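Asks: Could you have a look at this structure, given as structure tokens, before my questions?
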Amino acid sequence: MTTLASKHITLVVTGGIAAYKSCELVRRLRKEGAAVRVVMTRAATEFVGALTFEALSGHPVAVSQFDGTMPHLSLSDTRTDLIVVAPATANMLAKIANGIADDLASSLILGRTSPLMVAPAMNTNMWNAAPTRRNIETLKADGVHVVGPACGELACGVNAVGRMSEPGEIVEAIQGFFTPKVLAGRRVVLTAGPTYEAIDPIRGITNRSSGKQGYAIALAAQRAGADVTLISGPTALPRPTGCRVIDVTSAQDMYEAVMAACDNADVFISVAAVADWRVESVAEHKIKKAANAQPVLSFVENPDIVASVAALPNRPYCVGFAAETQQVEQYAQDKLAKKKLDLIVANDARRAIGTDINRVLLIDAEKTEGIGPADKHVIARALIERIARDLL
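In numbering that gives the first Met the number 0, the protein residues as written are 0 to 391.
Below you can see the structure in the form of structure tokens.
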């Protein structure tokens, strides 16, 4: 089950060019299991037709305040867990901040009993204008959740701040809103992805880790209210929203970044697939193939990152990962004891690496708990909930 399953969201679409993005926002919210009702301003219908949103949401779209049913009241009475205004023009932000209710959308918002989130979208000069800045501060003081705006190419062709956040980013913000803040005030450091150990300037040793599970855990921790530092090996994944990301390449790089970041950390989660060995001496130039000769490589052991953190004098709560191909539970239990961890997450590497689905065992000194098969984001939420319980 996703965070948004069975949630009821009212989407208010106002008259900006970014209104076309709200179509994708509706689609994504429904894909996550949310029920979506759409309210449009008259200006918004100049950019996207109401019929489009009706088809995407599965519900009639409300536009006029004067259809005889007092929709601003009937919509307020309808179950709504969150009202989202996307795009939120400068005009609509001013109305909300100053309590103006001169159309259906603004009347609905003024009479709301539900939380409110806005995703501003406007020309950069309008965003930077003093009245808009005051209105944003008023909205935040009133408890309104503000998402964006982002920097990017605007309708006027300028590359600057004012672009509405992408639908995926808004969905993440909505998911974060509904996630209990069980790690509020906690500092979480975690690693994710593979490492890369150079042999020469062209070749190196790495592994098939995609980083998907680690990135999902970082996002789940951030949504749970934690201050998250993600130390990532080379991946092609988008950065988790709201997380501090430190990019590294080798195991030694990762070790140094982790030891620096773990000062005053409350939780360390070692998800990365870290190389156990590295080449003793990296060749300055590409190693050429010679007739009847085989290259000889000497290796040295890399530092054990999770064991090093667990040995710190004021150590954080330490979670390790054990990706095995046989005797998964036994090897994980051995690693838990040997490295003096609080919790270890074990899985079958052959089934987990590179996929969106995982099945794991959460193992501590007393018990083993199975989770999945499930989406890696579901696994991530379950792990964060378990860590939060252990920290109580």
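The beta carbon of each residue, even a glycine, is placed where N, CA and C say it ideally should be.
Please read all numbers here as calculations on a predicted model, not as lab measurements.
Just grab the DSSP bridge partners of His-58 for me.
Replies: Note: His-58 sits in no beta bridge, so no partner.
Asks: Could you tell me the alpha carbon to alpha carbon distance between Arg-385 and Asn-301, rounded to whole angstroms?
Replies: Roughly 30 Å between the two C-alpha positions.
Asks: Label Ser-280 either buried or exposed according to how many other C-beta atoms from any shown protein chain fall within 10 Å of its C-beta, with 16 as the threshold for buried.
Replies: It is exposed - the Cβ of Ser-280 has fewer than 16 other Cβ atoms within 10 Å.
Asks: Kindly indicate which three-state DSSP category Gly-401 falls into: helix, strand or coil?
Replies: The chain is shown from 0 up to 391; residue 401 falls before or after that span and cannot be answered.
Asks: Which residue comes first and which comes last in the beta strand (DSSP E) that contains Ala-87?
Replies: Its beta strand (DSSP E) spans residues 81-87.
Asks: Gly-98 to Arg-78, Cα distance in whole Å?
Replies: Cα-Cα distance, rounded: 22 Å.
Asks: Take every Cβ of the stretch 200-210, pair it with every Cβ of the stretch 375-390, and state whether three or more of those distances are shorter than 8 Å.
Replies: In short, these stretches do not touch, since the Cβ pair count stays below three.
Asks: Which same chain residues, not among the five before or five after Ala-306, have their C-beta less than 6 Å away from its C-beta?
Replies: Hits under 6 Å: Lys-338.
Asks: Would you list the one or two residues that DSSP bridges to Ile-362?
Replies: In the DSSP output, where bridge partners are listed per residue, Ile-362 has Ile-343, Thr-367.
Asks: Report the option in Leu-390, Gly-48, Pro-119 whose CA atom is closest to the CA atom of Val-318.
Replies: Selected option, being the one with the closest Cα: Leu-390.
Asks: On the CB-based measure, 16 or more other CB atoms within 10 Å of its CB, does His-71 come out buried or exposed?
Replies: Confidence at His-71 is low in this model, with a pLDDT of 49, below 50, so its placement is unreliable and the value that follows should be read with caution. When all chains shown are included, His-71 counts as buried.
Asks: Can you find the residues in the same chain that come closer than 6 Å, C-beta to C-beta, to Asn-206, ignoring five residues on each side of it along the sequence?
Replies: Cβ neighbours of Asn-206 beyond the five flanking positions: Pro-193, Ala-272.
Asks: Can you find at least 3 beta carbon pairs, one from the stretch 146-154 and one from the stretch 117-125, that sit closer than 8 Å?
Replies: A contact exists between the stretch 146-154 and the stretch 117-125.
Asks: State whether the stretch 125-144 contacts the stretch 349-366, with contact taken as three or more CB pairs (one from each stretch) at a distance under 8 Å.
Replies: At 8 Å Cβ cutoff, the stretches do not touch.
Asks: Between the Cα of Gly-57 and the Cα atoms of Thr-40, Arg-29, Ala-250, Glu-136, which residue gives the shortest distance?
Replies: Out of Thr-40, Arg-29, Ala-250, Glu-136, Arg-29 has the C-alpha closest to the C-alpha of Gly-57.
Asks: Determine the contact status of Val-83 and Leu-182, defining contact as a CB-CB distance below 7 Å.
Replies: For Val-83 and Leu-182, no; Cβs fall outside 7 Å.
Asks: Which residues mark the beginning and the end of the alpha helix (DSSP H) in which Phe-46 is found?
Replies: From DSSP, Phe-46 is part of no alpha helix (DSSP H); its letter is neither H nor E.
Asks: Output the distance between the C-alpha atoms of Ala-34 and Asn-313, rounded to the nearest integer angstrom.
Replies: Approximately 46 Å, taken between the alpha carbons.
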